[in-house]
Amino acid sequence: GGMIFTFYKARGLAVGKSLVEEDKLELAKTLEAKAKEKGVALLLPTDVVIADNFAADANSQIVSIDSIPDGWMGLDIGP
């Protein structure tokens with residue numbers, strides 16, 4: 008589920024401290040544009056599991072993709 012945050016950032020969404028492959032942002036934009044040109048829907052999750060730290064005892068919650076707070080990181084897709 009981690010690769011989705013590169014696509015979200017490429018779409019201009021705030022992703023907090025989520026892992027993003029900065030060198031793949033243009034590729035993500037290109038892939039989305041090509042999919043749109045071909046009439047293909049590129050489906051990404053609408054909710055994600057986030058945490059305030061990458062640890063077993065971290066605070067976590069499920070939020071909409073447009074609601075990742077600063078300082079939190081996306082860990083996986085939502086339910």
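Mapped onto the working numbering, the consecutive letters of the sequence shown carry residue numbers 8 to 86.
We put the CB at the ideal spot given by N, CA and C, even for glycine.
Apply the 10 Å Cβ neighbour rule to residue i and answer buried if 16 or more other Cβ atoms are within range, or exposed otherwise.
| i | result |
| --- | --- |
| Val55 | buried |
| Ser25 | buried |
| Met80 | buried |
| Ala40 | exposed |
| Ala65 | exposed |
| Ala63 | exposed |
| Ala42 | exposed |
Please state whether the Cβ-Cβ distance between residue i and residue j is less than 8 Å.
| i | j | result |
| --- | --- | --- |
| Val47 | Ile57 | no |
| Gly23 | Pro76 | yes |
| Ala21 | Leu32 | no |
Assuming residue i contacts residue j (C-beta within less than 8 Å), just tell me the rounded distance between them.
| i | j | result |
| --- | --- | --- |
| Val27 | Thr37 | Val27 to Thr37, Cβ: 16 Å. No contact. |
| Ile72 | Tyr15 | 6 Å |
| Leu50 | Ile11 | Their Cβ separation, rounded to whole angstroms, is 10 Å, which puts Leu50 and Ile11 out of contact at 8 Å. |
From the beta carbon of residue i, is the nearest beta carbon of chain D less than 8 Å away?
| i | result |
| --- | --- |
| Glu39 | In the structure shown, chain D cannot be found, because there is only a single protein chain. |
- [ ] Could you pull out every unbroken beta strand (DSSP E) segment of at least 3 residues lying fully inside the segment 8-86, listed in chain order?
- [x] 54-58, 67-71, 80-84
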